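Asks: Everything in the sequence shown is counted per our numbering, starting at 37 for the first residue and increasing by one.
Heads up, the beta-carbon is just placed ideally off N, CA and C, and yes, glycines get one too.
All of these numbers come straight from a predicted model, not from anything done at the bench.
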Amino acid sequence: MSKVVFLVPALVMATMALASGEFSTGGSELLKFKGYLVSTFNTYGETDANPNNGFSIAASIEWLPVLNHWLDAKIAFKSLPTRYTGAIEDLSLTTEDIVLNMHFNEVATLSMGHFKRPICYNYTRSSSSMYFRDRAILTGLTGDFGKRDIGADLGLNFGFTSIDIAYTNGAGDNQPEDDSHKSFTARAVFEPMDNIQVAGAFGHYSEDADSTGTTTVAANAMDFYTVIKQPVSENVELSFTGEYMVVGEPMEDSSDWTNTTGYAATLMADFDLNGSMFQAVRPAIRYENSSPGFVGDDPENDEGAFDFALNLDVYSRDNTIQTGIRNHTFQSTGEDSYTDMYFGWRMKF
Numbered sequence: 037m038s039k040v041v042f043l044v045p046a047l048v049m050a051t052m053a054l055a056s057g058e059f060s061t062g063g064s065e066l067l068k069f070k071g072y073l074v075s076t077f078n079t080y081g082e083t084d085a086n087p088n089n090g091f092s093i094a095a096s097i098e099w100l101p102v103l104n105h106w107l108d109a110k111i112a113f114k115s116l117p118t119r120y121t122g123a124i125e126d127l128s129l130t131t132e133d134i135v136l137n138m139h140f141n142e143v144a145t146l147s148m149g150h151f152k153r154p155i156c157y158n159y160t161r162s163s164s165s166m167y168f169r170d171r172a173i174l175t176g177l178t179g180d181f182g183k184r185d186i187g188a189d190l191g192l193n194f195g196f197t198s199i200d201i202a203y204t205n206g207a208g209d210n211q212p213e214d215d216s217h218k219s220f221t222a223r224a225v226f227e228p229m230d231n232i233q234v235a236g237a238f239g240h241y242s243e244d245a246d247s248t249g250t251t252t253v254a255a256n257a258m259d260f261y262t263v264i265k266q267p268v269s270e271n272v273e274l275s276f277t278g279e280y281m282v283v284g285e286p287m288e289d290s291s292d293w294t295n296t297t298g299y300a301a302t303l304m305a306d307f308d309l310n311g312s313m314f315q316a317v318r319p320a321i322r323y324e325n326s327s328p329g330f331v332g333d334d335p336e337n338d339e340g341a342f343d344f345a346l347n348l349d350v351y352s353r354d355n356t357i358q359t360g361i362r363n364h365t366f367q368s369t370g371e372d373s374y375t376d377m378y379f380g381w382r383m384k385f
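Take a look at the structure:
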């Protein structure tokens, strides 16, 4: 109900602004929106999948009010009409980024609010820029270290090097703080050349070992990635992305613990077609693997996936038809591999 109460006045204000042709106060630029919609037909290959096919729909909208050169904000929502749990917790409409930004100069920016912590490239990149339907498996390995959280972030941009330092609650995406511990996340991105990025990120998380609160356990996570874009000709560009992540587990005795690891490698080619209808085509492949953490001997329960997708821009670079397959593999002899297929339509605005 609270979501409806919030959204109705916002929609009324936006409608009035559109009718008048402007929406500004004191030089502010308040009527600035962006987002995307994506609808997909999915075929599920897992044994006894029920249903074994179906349509899905998702939408994201961001409001980006700008007060002046130094101050702006971001309020983002995602709508997944079929995602809900029970009568109390409704996940069909969720808040994503809610951030205030203060740009001191061209180098330093302070942000506070609810935002993506600066770790795991395959998660921090925008959904609207993905070459595949699904994010890489390693995005699910971040645990207490990644995804969104509430806190503050200091961003420093020195041109060829950018640094993010975040101090957050550590409670997680859309969760209230439930203890006095805080999380620390830092990332450094180096660009030695215009078409090359090399980055490393570090995360620290701590929590109470038990309900008494007398003992604290902590763990660290590290993430490394590189992005290389190489023009081959005037109309063709190749892109490679590789990422490797190591995730610890907070515990009192970690002497016999082996950390969770995961990696993903993506190769994509962008062909500019220069047509009135077909603007560009981007075939892409990705291989990934994850190895859950364990105590003692290796349980040999790695999970892998191979993706192939074809992205075709129709009438606009912001309107993409995406078709692909995702083959899931398992090291465990008790699980069978299977292949999902999908056909999707994504429009950015």
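Let me check one thing: in DSSP terms, what residues is Gln233 bridge-paired to?
Replies: Numbered from 1 along the sequence shown, position 197 holds the residue referred to as residue 233. The partner list for Gln233 (beta bridge, DSSP) reads Val263.
Asks: At 3 residues or longer, and completely inside the segment 92 to 140: list those beta strand (DSSP E) runs for me, N to C.
Replies: For the segment 92 to 140, whole beta strand (DSSP E) runs of length 3 or above, ordered along the chain, are 107 to 115, 129 to 139.
Asks: From what residue to what residue does the alpha helix (DSSP H) around Tyr159 run?
Replies: As a position in the sequence shown, residue 159 is number 123, starting the count at 1. From DSSP, the alpha helix (DSSP H) with Tyr159 extends over 157 to 160.
Asks: For the pair the segment 297 to 304 and the segment 172 to 180, tell me if three or more CB-CB distances fall below 8 Å.
Replies: As far as the Cβ criterion goes, the segment 297 to 304 touches the segment 172 to 180, which means the pair count is three or higher.
Asks: Alpha carbons only, please: which of Thr356, Arg362, Gly340, Pro87 is nearest the one belonging to Asn347?
Replies: By 1-based counting over the sequence shown, the position of residue 347 is 311. Closest option to Asn347, Cα to Cα, is Thr356.
Asks: Checking the sheet assignment: what are the DSSP bridge partners for Met258?
Replies: As a working mapping, residue 258 is identified with position 222 in the sequence shown. Bridge partners of Met258: Phe238, Val282.
Asks: Where does the unbroken beta strand (DSSP E) through Lys152 begin, and where does it stop?
Replies: Numbered from its first residue, the sequence shown carries residue 152 at position 116. Segment 144 to 152, the beta strand (DSSP E) holding Lys152.
Asks: Under the three-state reduction of DSSP, which class applies to Leu309: helix, strand or coil?
Replies: On the sequence shown, position 273 is the one that residue 309 refers to. It is coil, neither helix nor strand.
Asks: Take Thr294 as the anchor and find which of Thr277, Met287, Val331 has the nearest alpha-carbon.
Replies: The residue labelled residue 294 in the question sits at position 258 within the sequence shown. Considering only alpha carbons, the answer is Val331.
Asks: Would you say Asp180 and Gly206 are within 8 Å of each other, going by their C-beta atoms?
Replies: Numbered from its first residue, the sequence shown carries residue 180 at position 144. Numbered from its first residue, the sequence shown carries residue 206 at position 170. Cβ atoms of Asp180 and Gly206: closer than 8 Å.
Asks: As an exercise, report each continuous alpha helix (DSSP H) stretch of at least 4 residues that is fully enclosed by the segment 342 to 381, in chain order.
Replies: For the segment 342 to 381, not a single whole alpha helix (DSSP H) run of length 4 or above is found.
Asks: What would DSSP say about Gly329, mapped onto helix, strand or coil?
Replies: Translated into positions along the sequence shown, residue 329 becomes position 293. Coil.
Asks: What number of angstroms, rounded off, separates the C-alpha of Phe314 from the C-alpha of Asp349?
Replies: Here residue 314 corresponds to residue number 278 of the sequence shown, with the count starting at 1. Here residue 349 corresponds to residue number 313 of the sequence shown, with the count starting at 1. Going by the C-alpha atoms only, they are around 6 Å apart.
Asks: Does the beta-carbon of Tyr159 have 16 or more other beta-carbons within 10 angstroms, so that it is buried, or is it exposed?
Replies: The residue you call residue 159 lines up with position 123 of the sequence shown. It counts as buried.
Asks: According to DSSP, is Thr296 part of a helix, a strand, or is it coil?
Replies: Sequence index remark: in the sequence shown, residue 296 carries index 260 (1-based). Here Thr296 sits in strand by DSSP.
Asks: How big is the Cα-Cα spacing for Ser164 and Ile321?
Replies: If you number the sequence shown from 1, residue 164 lands on position 128. If you number the sequence shown from 1, residue 321 lands on position 285. Roughly 17 Å between the two C-alpha positions.
Asks: Flag this pair as yes or no: are the beta carbons of Met287 and Val253 separated by less than 8 Å?
Replies: The residue given as residue 287 occupies position 251 in the sequence shown. The residue given as residue 253 occupies position 217 in the sequence shown. Yes. Within cutoff.
Asks: Answer yes or no: do Thr296 and Leu177 have a C-beta to C-beta separation smaller than 8 Å?
Replies: Reading the sequence shown from its first residue, position 260 is the one you call residue 296. Reading the sequence shown from its first residue, position 141 is the one you call residue 177. Against a cut-off of 8 Å, the Cβ pair of Leu177 and Thr296 comes out as a contact.
Asks: Going along the chain, which residues of its own chain have a beta-carbon closer than 8 Å to the beta-carbon of Asn141, five neighbours each way excluded?
Replies: Taking the sequence shown and counting its residues from 1, one reaches residue 141 at position 105. The answer is none, since no qualifying residue turns up.
Asks: From which residue to which residue does the beta strand (DSSP E) around Asp189 run?
Replies: Locating residue 189 in the sequence shown gives position 153, counting from the first residue. From DSSP, the beta strand (DSSP E) with Asp189 extends over 184 to 193.
Asks: In angstroms with no decimal places, state the Cα-to-Cα distance between Glu324 and Gln358.
Replies: What you label residue 324 is simply residue 288 of the sequence shown in a count that begins at 1. What you label residue 358 is simply residue 322 of the sequence shown in a count that begins at 1. The alpha-carbon atoms of Glu324 and Gln358 are separated by roughly 20 Å.
Asks: Which two residues bound the contiguous beta strand (DSSP E) that contains Thr7?
Replies: Residue 7 cannot be examined here, being either before or after the span of the chain that is shown, 37 to 385.
Asks: Can you tell me whether Leu303 is helix, strand or coil according to DSSP?
Replies: Here residue 303 is taken as the residue at index 267 of the sequence shown, counted from 1. In this structure, Leu303 counts as strand in the three-state DSSP scheme.
Asks: Grab the span of the beta strand (DSSP E) containing Tyr203 for me, first residue to last.
Replies: The count along the sequence shown starts at 1 and reaches residue 203 at position 167. First-last of the beta strand (DSSP E) with Tyr203: 197 to 204.
Asks: Using alpha carbons as the reference points, say which of Asn89, Tyr167, Ala341, Lys152 lies closest to Ala188.
Replies: The residue given as residue 188 occupies position 152 in the sequence shown. Closest by alpha carbon: Lys152.
Asks: Leaving out five residues before and five after Val386 in sequence, what residues of the same chain have Cβ atoms less than 8 Å from its Cβ?
Replies: Outside the modelled stretch of the chain, which goes from 37 to 385, sits residue 386, for which no answer is possible.
Asks: Under the assumption that Trp381 contacts Val74 (Cβ atoms under 8 Å), give the Cβ distance between them as a whole number of angstroms.
Replies: Within the sequence shown, residue 381 is the residue found at index 345, counting from 1. Within the sequence shown, residue 74 is the residue found at index 38, counting from 1. Correct: roughly 7 Å between the Cβ atoms.
Asks: Mapping DSSP to helix, strand and coil, what is Ser290?
Replies: Here the question's residue 290 lines up with position 254 in the sequence shown. It is coil, neither helix nor strand.
Asks: Using the DSSP secondary-structure output, state which residues sit across from Val225 in a beta bridge.
Replies: Looking up residue 225 in the sequence shown gives position 189. The partner list for Val225 (beta bridge, DSSP) reads Ser198, Ala235.
Asks: Roughly how many whole angstroms lie between the Cα atoms of Arg318 and Leu192?
Replies: Locating residue 318 in the sequence shown gives position 282, where the first residue counts as 1. Locating residue 192 in the sequence shown gives position 156, where the first residue counts as 1. So the two alpha carbons sit approximately 33 Å from each other.
Asks: Rounded to whole angstroms, what's the CA-CA distance from Gly21 to Ile134? Just pull it up for me.
Replies: The requested residue 21 does not occur in the structure, where the chain is confined to residues 37 to 385.
Asks: Run through DSSP, which three-state label would Ser269 get?
Replies: Taking the first residue of the sequence shown as 1, we reach residue 269 at position 233. Three-state DSSP puts Ser269 in coil, outside helix and strand.
Asks: Do Asn137 and Ala109 have their C-beta atoms closer together than 8 Å?
Replies: Along the sequence shown, read from residue 1 onward, the residue named residue 137 stands at position 101. Along the sequence shown, read from residue 1 onward, the residue named residue 109 stands at position 73. Yes, Cβ-Cβ distance for Asn137 and Ala109 is below 8 Å.
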